[in-house]
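Visitor:
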Amino acid sequence: MTVSAQSNDAGKLISDLHPQLKGIVDLPLQPMSDVRDFSADVDVVFLATAHEVSHDLAPQFLQAGCVVFDLSGAFRVNDRAFYEKYYGFTHQYPELLEQAVYGLAEWNADKLNTANLIGGSWLLSNRSAVVAKTAD
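Residue numbers (my numbering): 13 to 148.
#1: So which of Gln104, Val79 and Ala76 has the shortest CA-CA distance to Ala86?
#2: In chain order, what residues of the same chain have a beta carbon less than 8 Å from the beta carbon of Ala147, not counting five sequence neighbours either side?
#3: Check the DSSP bridge columns for Ser16 and list the partner residues they point to.
#4: Jot down the residue ranges of each uninterrupted alpha helix (DSSP H) in the segment 84 to 134, minimum 4 residues, whole runs only, in chain order.
#5: Apart from the five residues just before and just after Ala117, which ones in its own chain have a Cβ nearer than 7 Å to its Cβ?
#6: In whole angstroms, what is the alpha-carbon distance linking Ile130 and Asn90?
#7: Check whether the segment 26 to 41 and the segment 49 to 60 touch, using three or more Cβ-Cβ pairs below 8 Å as the test.
#8: If you follow the beta strand (DSSP E) that Leu59 is in, where does it begin and where does it stop?
#9: So what does DSSP say about Val65, is it helix, strand or coil?
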């Protein structure tokens, strides 16, 4: 498990931060300073960062051949104007917005099998989306 090199949690055990993991996952959080070096050892990356951070990191991981699950909202919607209006930043990767698959299996099961960039909110809105989808 990795955190940014600037994180105050670098070097701490994940189980010290989340006691429910004690005895299950007692790994130290490794600081990541270079995406390319980190990518050499992984196939899949979960970005649990601010939208702007995921926006900048996801393209680098994709270029390195990783599958990216973005837990922020940086690749949730394929409309660039959405990001300026609701998140306050200009999205620089319209081609990745088109490529990203919304990570809700009830809607996109076939696409998720081959996706390299999976975006979504992963929270309450997914439950609402499933309810709306099943009501169709």
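C-beta atoms are modelled at their ideal positions from N, C-alpha and C, and glycine is treated no differently.
Guide: Here's the rundown:
#1: The residue given as residue 86 occupies position 74 in the sequence shown. Per the Cα distances, Gln104.
#2: Along the sequence shown, one-based indexing puts residue 147 at 135. Because Ala147 sits at a pLDDT of 47, beneath the cut-off of 50, its placement in the model cannot be relied upon, and the following sentence gives the value as read from the coordinates. So no residue of the chain qualifies.
#3: Residue 16 sits at position 4 when you count from the first residue of the sequence shown. According to DSSP, Ser16 bridges with Met44.
#4: Complete alpha helix (DSSP H) runs here, min 4: 106 to 111 and 117 to 124.
#5: Against the sequence shown, residue 117 aligns to sequence position 105. So the list reads Leu124, once near-sequence residues are dropped.
#6: On the sequence shown, residue 130 is found 118 positions in, with the first residue counted as 1. On the sequence shown, residue 90 is found 78 positions in, with the first residue counted as 1. Ile130 and Asn90 have their C-alpha atoms roughly 12 Å apart.
#7: In short, these stretches do not touch, since the Cβ pair count stays below three.
#8: Taking the sequence shown and counting its residues from 1, one reaches residue 59 at position 47. First-last of the beta strand (DSSP E) with Leu59: Val56 to Leu59.
#9: The residue you call residue 65 lines up with position 53 of the sequence shown. In the structure shown, Val65 sits in a helix (DSSP, three-state: H, G or I).
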